[in-house]
Amino acid sequence: MTDHPLPFRDPQLSFSLRADDLLGRLTLDERIAMLHQFAPAVERLGVGPFRTGQEALHGVAWMGPATVFPQAVGLGATWNDDLVRRVGEAVGDEVRTKRAQDDRVGLNVWAPTVNLLRHPLWGRGEEGYSEDPALTSAIAVAYTRGLRGDDPHYWRTAPVLKHWLAHNNETDRDTASSSVRPRVLHEYDLRAFRDAVRAGAVAGVMPAYNLVNGRPNHVSPLLEQHLRSWTDQPLVVCSDAGAPSNLVDSEHYFDTHEEATAASLKAGVDSFTDHGTDSTVMTGRIRDALAKGLIDEGDIDTAVHRLLSMRFALGEFDPELDPYAGVDALDTEEHRALALEAAEQAVVLLKNDGLLPLEPKRDRTVAVVGLLGDACKLDWYSGTLMHRSTPLDGIRERYGADNVLYAEGVDRVRLKSSDGWLRVPEAEGPAGGETRGAEGALDPALLAGRTDLPPLTCGEEATELALVDWGDGVLTLRTDEGLYLSVADDGYVRASADEPGGWVVQETFRLEAVEGHDGGHRLLHIGTGGYVSVAADGAKVAESGEKIPGDGATVFEVETVEHGADAVARAAAAADTVIVVAGNDPHINGRETEDRTTLALPAQQDRLWRAAHAANPRTVLVLASAYPYAVVDAAETLPALLWTAHGGQAAGTALARVLAGDVSPAGRLPQTWYAGDDDLPGLFDYDIIGSRQTYLYFDGTPLYPFGHGLAYADFTHTALRAEVDGERLRVSWTVTHDGGAAADEVAQLYVRAGTPDASSDLPLRKLVGHRRLHLAPGAAERVEFLVPVEELGHWSVAHGRWTVEPGAHEVLAGASSADLRLTATVVVDGEERGPRAVAERGLEAADYDSQRDTEIVDRAKTDGDAVAPASAGIEGQLLYNACDFGDAADGLAFLVSGEGSIAVGVGGHSLELPLRGPGGPYDYRTVEAALGLSGVQDLRVGLKGSVRLARIDVVTGKESA
Numbered sequence: 002m003t004d005h006p007l008p009f010r011d012p013q014l015s016f017s018l019r020a021d022d023l024l025g026r027l028t029l030d031e032r033i034a035m036l037h038q039f040a041p042a043v044e045r046l047g048v049g050p051f052r053t054g055q056e057a058l059h060g061v062a063w064m065g066p067a068t069v070f071p072q073a074v075g076l077g078a079t080w081n082d083d084l085v086r087r088v089g090e091a092v093g094d095e096v097r098t099k100r101a102q103d104d105r106v107g108l109n110v111w112a113p114t115v116n117l118l119r120h121p122l123w124g125r126g127e128e129g130y131s132e133d134p135a136l137t138s139a140i141a142v143a144y145t146r147g148l149r150g151d152d153p154h155y156w157r158t159a160p161v162l163k164h165w166l167a168h169n170n171e172t173d174r175d176t177a178s179s180s181v182r183p184r185v186l187h188e189y190d191l192r193a194f195r196d197a198v199r200a201g202a203v204a205g206v207m208p209a210y211n212l213v214n215g216r217p218n219h220v221s222p223l224l225e226q227h228l229r230s231w232t233d234q235p236l237v238v239c240s241d242a243g244a245p246s247n248l249v250d251s252e253h254y255f256d257t258h259e260e261a262t263a264a265s266l267k268a269g270v271d272s273f274t275d276h277g278t279d280s281t282v283m284t285g286r287i288r289d290a291l292a293k294g295l296i297d298e299g300d301i302d303t304a305v306h307r308l309l310s311m312r313f314a315l316g317e318f319d320p321e322l323d324p325y326a327g328v329d330a331l332d333t334e335e336h337r338a339l340a341l342e343a344a345e346q347a348v349v350l351l352k353n354d355g356l357l358p359l360e361p362k363r364d365r366t367v368a369v370v371g372l373l374g375d376a377c378k379l380d381w382y383s384g385t386l387m388h389r390s391t392p393l394d395g396i397r398e399r400y401g402a403d404n405v406l407y408a409e410g411v412d413r414v415r416l417k418s419s420d421g422w423l424r425v426p427e428a429e430g431p432a433g434g435e436t437r438g439a440e441g442a443l444d445p446a447l448l449a450g451r452t453d454l455p456p457l458t459c460g461e462e463a464t465e466l467a468l469v470d471w472g473d474g475v476l477t478l479r480t481d482e483g484l485y486l487s488v489a490d491d492g493y494v495r496a497s498a499d500e501p502g503g504w505v506v507q508e509t510f511r512l513e514a515v516e517g518h519d520g521g522h523r524l525l526h527i528g529t530g531g532y533v534s535v536a537a538d539g540a541k542v543a544e545s546g547e548k549i550p551g552d553g554a555t556v557f558e559v560e561t562v563e564h565g566a567d568a569v570a571r572a573a574a575a576a577d578t579v580i581v582v583a584g585n586d587p588h589i590n591g592r593e594t595e596d597r598t599t600l601a602l603p604a605q606q607d608r609l610w611r612a613a614h615a616a617n618p619r620t621v622l623v624l625a626s627a628y629p630y631a632v633v634d635a636a637e638t639l640p641a642l643l644w645t646a647h648g649g650q651a652a653g654t655a656l657a658r659v660l661a662g663d664v665s666p667a668g669r670l671p672q673t674w675y676a677g678d679d680d681l682p683g684l685f686d687y688d689i690i691g692s693r694q695t696y697l698y699f700d701g702t703p704l705y706p707f708g709h710g711l712a713y714a715d716f717t718h719t720a721l722r723a724e725v726d727g728e729r730l731r732v733s734w735t736v737t738h739d740g741g742a743a744a745d746e747v748a749q750l751y752v753r754a755g756t757p758d759a760s761s762d763l764p765l766r767k768l769v770g771h772r773r774l775h776l777a778p779g780a781a782e783r784v785e786f787l788v789p790v791e792e793l794g795h796w797s798v799a800h801g802r803w804t805v806e807p808g809a810h811e812v813l814a815g816a817s818s819a820d821l822r823l824t825a826t827v828v829v830d831g832e833e834r835g836p837r838a839v840a841e842r843g844l845e846a847a848d849y850d851s852q853r854d855t856e857i858v859d860r861a862k863t864d865g866d867a868v869a870p871a872s873a874g875i876e877g878q879l880l881y882n883a884c885d886f887g888d889a890a891d892g893l894a895f896l897v898s899g900e901g902s903i904a905v906g907v908g909g910h911s912l913e914l915p916l917r918g919p920g921g922p923y924d925y926r927t928v929e930a931a932l933g934l935s936g937v938q939d940l941r942v943g944l945k946g947s948v949r950l951a952r953i954d955v956v957t958g959k960e961s962a
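Residue numbers (our numbering): 2 to 962.
This is the structure in structure tokens:
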């Protein structure tokens, strides 16, 4: 016991006991209020307000100036756990520093994102680390440990992993369901979260907007069945913004918000992020759910206790003991150096025929060309830059400004209407303004565009505009002063934005040809869906709150003053070497809310590298992008290619140092670069096994494989040794630097069961270890990995658990997933794959071995899976291999709902069972089929109509109908 008058104030007690005491002192209304993202103060107890949720993906986001590190996918490309941990420490320190300056900054950070980069067209691929669960886990563990800090009691910040679970599509993201079979669930999606949670540096998770197997993630039983089983620590589950309301409003999963809120709370959601800072709506729903008996006070107390435990760990109640309370580390020299180091280590050399490194010389001229040549792009989860380095900046600094030529490659155009040329009028007073969001915003989606500048008009003099087509006909138009045409809330078009941005981008347009008007185009504003109309009071896309339709649009003729490819060709011809910098703007054609449509480089940028190469064969292509591109022709034609994610504040300096050879590149691809769209499965196909996705299963030829990356030095890998040591594999080999300058190599360790061929349902190879090494010329280092034997296994649908198959398994070591130079074999004991003990245990329908045209759906709203046809008009097919029906089975019993039919094929028997009956999708009944079965047989099942199949059991000892 304690003598302290308020035990929750006593630092000698455990956080759990202190949370117990404080919880007991709170009224019901005070407890309910704590379940909203913005929890109010409890002044009578001296408890302050608390906010869950501070974005910190690669630096402190949304809250003004901060150190901006490379995008998350760029941190993944470093393959360097130690570096990423140091980045996490720096970000955590800056969160603490900014918290001391601005109480809007929260210490519960919503980072990192551990969704796997399964599909390269996913719009939020920039936020993840890798397509591989092991690499993602390792980088996430490193970043969260940095964010959490080393103190055994107090946390620097409290990281929340995003987004639980199987979330890789922005299209219909709040209504689409990811069909995730048990093997994919256990071997792939859960794995990305599991290791970081087990490492002890994670405070919680955020469920994703989507559904998994027909059930919204915000009411997923997996939160309790898996997430909270991985640790004894009280994990906080924070809803995504607006997701609690989606359960009724868009998903229609529940009839009332009270039901939805109660179900979320019972499933394990603790903090509700909904309706912004207005907590009254959500707290009202919780009170109503309580009054209706949908929840009890114990459900509320469980969630509040978790939230209080996190607040105690953050030192809120012990400022004098909190080792992070006095941190003052924003934009320090160390952080600036770390941002540069991270940007350097993220650069991946894809191809080099000897052109690089390009040593600076007095008489050597370099042309920097391309749409991103003088850009330092930020994304939705960036902070405000305090330092800015573009490729042009870095190359000028490294090679000398007099030796560098520049051509952006934009098309310069003028737009003419019947009333004259489109023009930007002069502004009265200073035209400059503070960068959008520079001061920080709790919700940057609410930031409005500028209205202090005059709208565009038509007149006798034209304003030349820089036109960029970012792909799919999505255009930006920019003045020579660097201001983009944008639309504010009043509907007028102004030259007012420093960069495209915002939750709804207001700086993108599309030209649409006007039928019957030779050369005439309408200008559609994509953000509002309104067409540009130039009236006496200026250009606008909406009037009186109504968007202007196509028949009200001004018709423009587009006059091209200069093609960007011509300017690029001139600069390229005048230079010794050309650096083409291409890529994406993170706010356009691939971002949160918007998936990409193709792997192809936008046509305008494709023309630029071709023009540069035609004028000068010494052309290097640098892809600065959040995503992979299928640049097959460039890879075949150009002597050198590099890729870097958007590298943050030091991106340009880092790129220049790599090009000059000051740093040998050693980034490695964190995801497969496919050769074309034809290699990709459907965006909504989450069955990486069945559709052969990622390096684990893809049996085609990628453009560049997972783990690929070159250096300016050669390394040899020798003397691989692998042995079983109890429950672990002990693996080691030697990496030797064969000469040249000091450089990094990334040693990569993979395993596979036996020698699987393209028809195997086991991975072709699986990463189980990696280490980034820095070696001096001629130096060698012995690397050793201790790998749990369970890494050789997989989830067995036959046994319903993780199994390692007995026999020989291969251990492979090398420099990428396709450059495996050493192989060893280990022999382990284990459990045979089958047969399935169907006579004893029956079959869960979702435990199939393969399927076609089916989807997994929710058996009930609380728990369980069933399988249904993916389309009512097509038969869904399921295969269950090696089913042991025992000595004699009279038939099979199918637990089903809905109407349609079930086709059964087994042991030479085939029949079709028509299904008709009342009830909805959750009203199950048992239908039996008479089949004389025995021994081990494959079972095939076909589903038609609205049928949901939940389970199959063997019928013995009676007649089957």
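Here a beta-carbon is modelled for each residue, glycine too, at the ideal position from N, C-alpha and C.
Terminal residues of the alpha helix (DSSP H) in which residue i lies
{"i": "P245", "result": "244-250"}
{"i": "E500", "result": "It is not in any alpha helix (DSSP H) - E500 carries neither H nor E in the DSSP assignment."}
Where residue i falls: helix, strand or coil (DSSP)
{"i": "A139", "result": "helix"}
{"i": "F886", "result": "coil"}
{"i": "F51", "result": "strand"}
{"i": "F699", "result": "coil"}
{"i": "R949", "result": "strand"}
{"i": "P6", "result": "coil"}
{"i": "Y923", "result": "coil"}
{"i": "G126", "result": "helix"}
{"i": "A759", "result": "Its pLDDT being 49, under 50, A759 is placed unreliably in this model, and the coordinates cannot settle the point."}
{"i": "G215", "result": "coil"}
{"i": "R280", "result": "The question names Arg, but residue 280 is Ser in the sequence shown. The answer is coil: DSSP assigns S280 none of H, G, I, E or B."}
{"i": "P456", "result": "coil"}
{"i": "P183", "result": "helix"}
{"i": "A20", "result": "helix"}
{"i": "R45", "result": "helix"}
{"i": "M64", "result": "coil"}
{"i": "K352", "result": "strand"}
Extent of the continuous beta strand (DSSP E) to which residue i belongs
{"i": "K541", "result": "539-541"}
{"i": "K99", "result": "Per DSSP, K99 belongs to no beta strand (DSSP E); it is in the alpha helix (DSSP H), 82-102."}
{"i": "L914", "result": "910-916"}
{"i": "E558", "result": "557-563"}
{"i": "V610", "result": "With the sequence shown as reference, residue 610 is identified as Trp, and Val is not the correct amino acid for it. That residue, W610, is in no beta strand (DSSP E); its alpha helix (DSSP H) goes 604-616."}
{"i": "A999", "result": "A query on residue 999 cannot be resolved here, the shown segment of the chain reaching from 2 to 962 and no further."}
{"i": "G901", "result": "901-907"}
{"i": "S390", "result": "Note, S390: premise wrong, no beta strand (DSSP E); not H, not E."}
{"i": "T303", "result": "T303 -> not in any beta strand (DSSP E); alpha helix (DSSP H) instead, spanning 298-314."}
Beta-carbon proximity of residue i to residue j, cut-off 8 Å
{"i": "L118", "j": "P671", "result": "yes"}
{"i": "E132", "j": "A73", "result": "no"}
{"i": "H168", "j": "N211", "result": "yes"}
{"i": "D939", "j": "N882", "result": "yes"}
{"i": "D329", "j": "T98", "result": "yes"}
message: Assess contact between the region 480-492 and the region 621-639, defined as three or more Cβ pairs (one per stretch) separated by less than 8 Å. Is contact present?
response: no
query: For the 8 Å Cβ check, are there 3 or more pairs between the region 189-201 and the region 853-861?
result: no
query: Is there contact here, the region 409-426 with the region 559-569, by at least three beta-carbon pairs under 8 Å?
result: yes
task: Examine the Cβ distances between the region 136-145 and the region 645-661 and report whether three or more of them are shorter than 8 Å.
output: Output reads no: the region 645-661 does not touch the region 136-145.
message: When you compare the region 829-840 with the region 796-805, are there three or more beta-carbon pairs, one atom per stretch, that lie closer than 8 Å?
response: yes
message: Tell me whether the region 37-57 and the region 347-360 touch, counting them as touching only if at least three CB pairs, one residue from each stretch, are closer than 8 Å.
response: no
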